[in-house]
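Below you'll find the structure, written out as structure tokens, and then a few comments.
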Amino acid sequence: MAPRRPTILAGGGAVARGGKRRYLSVPVQSRRSMTDNALLPILFVPDPRLRTKAKPVAAGDAQIAALAERMLATMYKAPGIGLAAPQVGELVRLVVIDVHPDDKPDPMVLVNPAIIAASKELATREEGCLSLPNQFADVTRPARVKVRWHDLAGAKHEIEADGLLSACLQHEIDHLDGVLFVDHVSALKRNMLLRKLAKELRAQREE
Ligand code: K1U
Ligand code: ZN
Numbered sequence: 395m396a397p398r399r400p401t402i403l404a405g406g407g408a409v410a411r412g413g414k415r416r417y418l419s420v421p422v423q424s425r426r427s428m429t430d431n432a433l434l435p436i437l438f439v440p441d442p443r444l445r446t447k448a449k450p451v452a453a454g455d456a457q458i459a460a461l462a463e464r465m466l467a468t469m470y471k472a473p474g475i476g477l478a479a480p481q482v483g484e485l486v487r488l489v490v491i492d493v494h495p496d497d498k499p500d501p502m503v504l505v506n507p508a509i510i511a512a513s514k515e516l517a518t519r520e521e522g523c524l525s526l527p528n529q530f531a532d533v534t535r536p537a538r539v540k541v542r543w544h545d546l547a548g549a550k551h552e553i554e555a556d557g558l559l560s561a562c563l564q565h566e567i568d569h570l571d572g573v574l575f576v577d578h579v580s581a582l583k584r585n586m587l588l589r590k591l592a593k594e595l596r597a598q599r600e601e
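Take the position in the sequence shown, starting the count at 1, then add 394; the result is the number in our numbering.
Pasting the structure below:
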């Protein structure tokens, strides 16, 4: 069956910004109480797992809450504002996000997230990626997206996001399909970033 195309979000509509989110049905420890042995190694480009399409999380998968917990610890420690399971070598459709990592922890855990609508209006912002350390580029994406996902208890959620949360949701859902932020820039810029990354990682290994 052909994948469902996202519907187009009308410009200027009401978009959820801020407000208290309650998307976690299973308590997640605060980042301060997490121990370092929960941390997972983050894969770097060109690891082929970063280019592999992840599989949906099966209903009732008992391992997923533990993986989400460790991914959150890893994301806060990095630090980052998001992390997708393939970045830690787990090829399942699981994402964690906290776009305000310096404030009180406000983590989102998204099981099987999907973009169900995207605005025609585009927005450009600088992005980085924990799998391409120290590489940054301006990325243009739909300004607003509507995303649907399940939480760890199986409850369905939907959000319309803009700004940093919109970019982060799109960046993380891309990871689940083996897509990286450098795929959204020109071939010239992409090759430059990938060569620079390879050189820096080589130098680090030789240190
Ligand atoms: O998926 C990832 O590799 C995480 C990535 C997410 C992201 C960054 C920028 C735009 C969209 C998505 C990062 O978190 S890179 C680090 C970063 O942006 C950051 C780290 C600490 C404080 C604030 C931002
Ligand atoms: Zn990334």
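Glycine included, every Cβ here is placed at the ideal spot set by N, Cα and C.
If I measure Cβ to Cβ from Ile458 and keep anything under 7 Å in the same chain, skipping five residues before and after, which residues do I get? Val451, Leu488, Val505, Leu546
Would you tell me roughly how many angstroms separate the C-alpha atoms of Lys514 and Arg535, rounded to the nearest one? 9 Å
Please give me, in chain order, every unbroken run of the beta strand (DSSP E) with length at least 3 that falls completely inside the stretch 504 to 529. 516 to 521
As assigned by DSSP and simplified to three states, the class of Glu601: coil
Got a sec? Which residues, its chain only, sit under 6 Å from Leu559 by beta carbon, not counting five neighbours each side? Val493
Same chain, Cβ closer than 7 Å to Asn528, five either side skipped, listed in chain order: Glu594
Can you tell me whether DSSP reads Pro536 as helix, strand or coil? strand
Quickly, what does DSSP pair Glu484 with across the bridge? List them, please. Answer is none; Glu484 lacks a bridge partner.
beta-carbon Pro560 near the ligand ZN non-hydrogen atom, thresh 8 Å: It is Ser, not Pro, that sits at residue 560 in the sequence shown. Ser560 Cβ: outside cutoff for every heavy atom of the ligand ZN.
Between the Cα of Glu520 and the Cα atoms of Ala460, Arg445, Phe575, which residue gives the shortest distance? Phe575
Could you tell me if Ala561 is buried or exposed, where buried requires 16 or more neighbouring beta carbons within 10 angstroms of its beta carbon? buried
Under 6 Å Cβ to Cβ from Arg584, same chain only, skipping five residues before and after it: list those, please. Val576
Runs of 4 residues minimum, wholly inside the stretch 549 to 579: which ones carry the alpha helix (DSSP H) assignment? 557 to 570
In terms of residue numbering, what span does the alpha helix (DSSP H) encompassing Ala547 cover? Here Ala547 belongs to no alpha helix (DSSP H), and DSSP marks it neither H nor E.
Would Val486 and Ala511 be called neighbours here (beta carbons separated by less than 9 Å)? no
Taking its Cβ as the centre, do 16 or more other Cβ atoms sit within 10 Å of Leu524, making it buried, or is it exposed? buried
Looking at the ligand ZN, does it come within less than 8 Å of Gly476, judged from the CB to the closest heavy atom? yes
Let me know the secondary structure DSSP gives Leu437 once reduced to three states. coil
Cβ separation of Lys471 and Leu433, assumed to be a contact under 8 Å, to the nearest whole Å: 6 Å
According to DSSP, is Lys449 part of a helix, a strand, or is it coil? strand
Can you name, in chain order, every residue of its own chain whose Cβ lies under 6 Å from the Cβ of Arg464, other than the five neighbours on each side? Ala432, Leu434
Can you look up Arg458 in the DSSP assignment and give me helix, strand or coil? The question names Arg, but residue 458 in the sequence shown is Ile. Helix.
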